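Note that my numbering gives residue 1423 to position 419 of the sequence shown, counting from 1, and the numbers run on in steps of one.
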Amino acid sequence: MQRHLARSAIAAAILAAFNVQAAEPLADHGTIVVTATRQPTPARDLLNDFSVLTRSDIDKAGPSATLGDLLSRLPGIELSREGGRGANENIFIRGTNAGHALILIDGIRVGSATLGQANLSALPVEQMERIEVVRGPESALYGSDAIGGVVNIFTRGSKESSFSAKAGFGSRGSYAANVAKKSNIGDLNYQVSFGTNGEDGKSNVTNSDSFAYNPDKDGFWKRSAAMRIDYKLSSEAEIGAQYFYSQGQNKFDTSWPSKSYDWKTYSRISGSSAYARFQPAKEWTTSIRFDRSVDESDTVPSQTIGELRDDFRTERKQITWQNDINLPIGRALIAVDHLKEQIVTSSAFSLTERDINSLSLGWDASMEKHRWQANVRRDRNSQYGAKNTYNLGYGYQLTHAWRLATHVGTAFKAPSFNDLYYPNIPFVGSGNPNLRPETSRNRDVAVHYETEVHKASLTVFRNDIKNLISWEETSPGSWFYTPANVGKVRIDGWSLSYQWSIIDGWKLRATWNDQDARDVTTGNRLARRAEKFGTLGLEHETKQWLIGVELQASGDRYDNLANTRLLGGYGLVNVHSSYQLSPEWSAFARVDNLFDKHYELARSSNATFSSLGSTVFIGLRYLTK
């Protein structure tokens, strides 16, 4: 911890040097963030460590980008992927596990209750309008899974009428297309959008001596749609409904039962919700919301359809009643949630559903230079009982530009259905119904600096995680695994982000992360997490042109917890540009991994997974309002 504090002190000194002025404003003081408090809050009033990706940011990443690609450019987030785009990918927020990131789409919880996490590569980037990311424990607002943070994805939504279309193609047979229509008729607003993308790809496993090596093309395809309708009944009441759907397929190589079997995973993710919001009194807004999400995954080899397959289906139904109350000092949050999770699988689980009832209480306020936030929550799960969490924050405005913030909070992750009830299969393993939830306690301190041309943040954090669930071999050579609460992890680190509007039309962005994520018992580093990683980007924009270059860098990582398989560090250079052909039409292009750098994001004991290599994508956009 002393090492990280010393380095963060140096980074803090760097912040003090930001006094240069420029002509072009950088900060958007009107940005409203919902995820950090479950209530619309101006960004400058938040105490949380957060980031917001806009539709412009998503467009710059290119139509072939995955959710993992987008998030890995943000502070404190790393990406792991077992092959090219479309392959299984995970993110690690502040060094925590992949299952410690809660994924929401329009506030709807998504992901597999058997696996215990969301399938990021199956989520429809082409439907995303905005992404809010909150780093740090958020179980006091959202319950299970939010140990590392929350990613809340908002599908395309606006009350401005518009029509947009986009199409393009690129390397290795990649393609993408999307159309979206938004309109309003009086107090009725609606939108609909459809998208598709895919790629022929290349072999998922690259080393010919691997048991899984098959020199074929492991590509993917994906189709998606999103719809929304809102109606304003009066100045105090509104109703609405929404729906999203994504389906796709990705191919991969494996050695079972032999490497000649060409495996495919079919994924289907959908979500729907309906809500009513009204204002019974001047200082009280209440809403009720009904959510449903479905996550389906079918894994089959192309040679056989019947006897070899794994099918998993998760259905979640949630009812939320939320009350936002303005108080003489600050505002209060009172929310009641009921969540039912059900699974259907091709294997026989002894229990296939559970219910979670939750009560969340919150308060945030500001007075002169002080700001407070307090949240507590109680979750009662039908499988393991009750879990209480809290999050306390305090901020102080030193000057107009400088402010401090500190947090302490707890979080937890419930065991998945696989962890608890996976059926007893010889030479595979079985679940453990006596598992307890994983728990964490996080502390962080942050300093922020913001003017019209500079925006910088430094966050120092420590996270202690207990009762980590680990699948261990019951005896050497048995090939039979079962999970237990055996792990304890400590993560120390700091994260620095900076944006600078240099002169008119020029902008610089940078992030740097230094972390030490280790298993306390063994002293080993956690798998696939670097000690140092960061990004650097420079953009120039004129009336017609936008040109940008970015560098992504990462130190070495170990692929396994035993720290015996080393993944080397890497640096990637990406470039993007767009040109305004007319008021409605624009052309765009992007090159990822410009210098065709070889690197690894994941590896197994016998397989080296392919990386993207150099890729090019070009296309056209049309937008009319």
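Here a beta-carbon is modelled for each residue, glycine too, at the ideal position from N, C-alpha and C. What you are looking at is a predicted structure, and each value in this text was computed from that prediction instead of being measured.
My output table needs one value for residue 1130: the three-state DSSP class, helix, strand or coil. helix
How many Å lie between residue 1023 and residue 1238 at the Cα? Unreliable positioning characterises residue 1023 in this predicted model, as indicated by a pLDDT of 44, which lies under 50. The coordinate reading is nonetheless provided below. So the alpha carbons of these two residues sit roughly 48 Å apart.
Proximal residues to residue 1064 (C-beta, below 7 Å), its chain only, five neighbours per side dropped: 1552, 1580
Taking buried to mean at least 16 other C-beta atoms within 10 Å of its own C-beta, is residue 1431 buried or exposed? exposed
Alpha carbon to alpha carbon, how far is residue 1110 from residue 1286? Give it in angstroms, no decimals. 27 Å
Mind listing, in chain order, the continuous beta strand (DSSP E) runs of no fewer than 3 residues lying wholly within the segment 1144–1173? 1153–1159
Rounding to the nearest angstrom, what Cα-Cα distance links residue 1352 and residue 1254 in this structure? 26 Å
Report buried or exposed for residue 1417, applying the criterion of at least 16 other Cβ atoms within 10 angstroms of its Cβ. buried
How many whole angstroms separate the CB atoms of residue 1322 and residue 1343, which I take to be in contact at a CB cut-off of 8 Å? 5 Å
So, for residue 1115: in the same chain, excluding its five sequence neighbours on each side, which residues have a beta-carbon less than 7 Å away from its beta-carbon? 1107, 1121, 1122, 1299
Where residue 1374 falls: helix, strand or coil (DSSP): strand
Where residue 1428 falls, given that 16 or more other Cβ within 10 Å makes a residue buried: exposed
Could you check which residue in 1439, 1507, 1616, 1372 has the C-alpha nearest to that of residue 1645? Lying before the first or after the last residue shown, residue 1645 is absent from the chain, which here runs from 1005 to 1629.
Over the uninterrupted alpha helix (DSSP H) stretch that includes residue 1064, give me the two end residues. 1059–1064
Whose C-beta lies closer than 6 Å to the C-beta of residue 1040 among residues of the same chain, with five residues either side of it excluded? 1050, 1052, 1054, 1138
What does residue 1409 pair with, by DSSP beta-bridge criteria? 1399, 1450
How about residue 1117 and residue 1420: are their beta carbons less than 9 Å apart? yes
Below 7 Å CB to CB, which residues in the same chain sit around residue 1373 once its five sequence neighbours on both sides are set aside? 1400, 1401
Does the separation of the CB atoms of residue 1252 and residue 1276 fall below 9 Å? no
DSSP state of residue 1491, grouped into three classes? strand
Proximal residues to residue 1613 (C-beta, below 8 Å), its chain only, five neighbours per side dropped: 1085, 1086, 1087, 1091, 1208, 1209, 1210, 1604, 1605, 1606, 1607
So, residue 1293 versus residue 1241, is the Cβ gap smaller than 9 Å? no
Name the DSSP beta bridge partners of residue 1475, please? 1487
Going by CA-CA distance only, name the one from 1386, 1451, 1169 that's closest to residue 1003. Given a span of 1005 to 1629 for the chain in the structure shown, any question on residue 1003 remains unanswerable.
Distance, residue 1367 Cα to residue 1380 Cα: 9 Å
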